[in-house]
Amino acid sequence: MKRAFFLLLGTLPTFSPAFGTAEEIILNEHGAAVEHHLTDELQEGHHYECISEKDSTHVFTVHQNAGEEVGTYAMNDEEKEVMIFSGLTTVSYVYVNNNSSINLTVHMDTGKFEVSYGGALFGEEHGTCTPIAS
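Here the sequence shown is numbered in our numbering, starting from 51 and rising by one per residue.
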C-alpha cells in the first residue's frame with residue numbers, strides 16, 4: 051500500500067505559482083509606468099466632495115492624508131473615521147459600527163462614486179466626486 055501511495059504521488063504534476071506575485075501581475079498587465087504612477091498618486095492622499103445624483107442636497111466629503119490607511123467621511127457636520135482600501139483606479143472608504151456601515155467607492159478615473167449603507171441607513175447612492183484641497 052505504501053508503494054502505491056508513493057507511486058501515485060510521484061506521478062502528480064509539480065505545482066508552481068503560474069501567475070507570479072501581485073506586483074508581477076500588475077506589471078505584466080498594465081506596464082511599469084502605470085503601476086508607479088498609481089502608487090505615487092495613492093501616496094499623495096485623496097480629498098473629495100461627493101454629490102448624490104438623486105438628491106443634490108446630499109453632499110459629503112472624504113479625506114485621506116498622504117500615506118495613511120484611515121481617513122474621514124463627513125456629512126451634515128458629522129464626521130466618521132473610515133478605513134481606506136485602494137485598488138488600481140478606486141479608493142474605498144469603509145465605516146463599520148455596531149448596527150451601521152458605510153462603504154463608499156470613488157472611481158478616480160471617472161470621478162463617479164457608489165456608496166452603500168447598512169443597518170439603519172440601509173440603501174445605496176451614486177453620484178460624482180470632485181477633488182478638493184485638503
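Each residue gets a CB set at the ideal place from its N, CA and C atoms; glycine is no exception.
Among the options, the one whose alpha carbon lies nearest that of residue i
{"i": "residue 131", "options": "172, 142, 137", "result": "142"}
{"i": "residue 160", "options": "104, 98, 172", "result": "98"}
{"i": "residue 135", "options": "121, 172, 129", "result": "121"}
{"i": "residue 137", "options": "125, 127, 156", "result": "156"}
Helix, strand or coil at residue i [DSSP, three-state]
{"i": "residue 128", "result": "strand"}
{"i": "residue 94", "result": "helix"}
{"i": "residue 172", "result": "coil"}
{"i": "residue 138", "result": "coil"}
{"i": "residue 178", "result": "strand"}
{"i": "residue 104", "result": "coil"}
{"i": "residue 155", "result": "strand"}
{"i": "residue 118", "result": "coil"}
{"i": "residue 167", "result": "strand"}
{"i": "residue 149", "result": "coil"}
{"i": "residue 160", "result": "coil"}
{"i": "residue 77", "result": "Confidence is the limiting factor: at residue 77 the pLDDT is only 48, short of 50, which leaves the residue's position unreliable and the question unanswerable from this model."}
Local Cβ density within 10 Å of residue i, reported as buried at 16 or more and exposed below that
{"i": "residue 133", "result": "exposed"}
{"i": "residue 182", "result": "exposed"}
{"i": "residue 93", "result": "exposed"}
{"i": "residue 69", "result": "At residue 69 the pLDDT is 41, less than 50, meaning the model places this residue with poor confidence; the figure from the coordinates comes in the next sentence. Exposed, because fewer than 16 other Cβ atoms sit within 10 Å of the Cβ of residue 69."}
{"i": "residue 4", "result": "Here the chain covers residues 51 to 184 and nothing more, so residue 4 does not appear."}
Check whether residue i and residue j have beta carbons under 9 angstroms apart
{"i": "residue 154", "j": "residue 144", "result": "yes"}
{"i": "residue 100", "j": "residue 163", "result": "yes"}
{"i": "residue 184", "j": "residue 168", "result": "no"}
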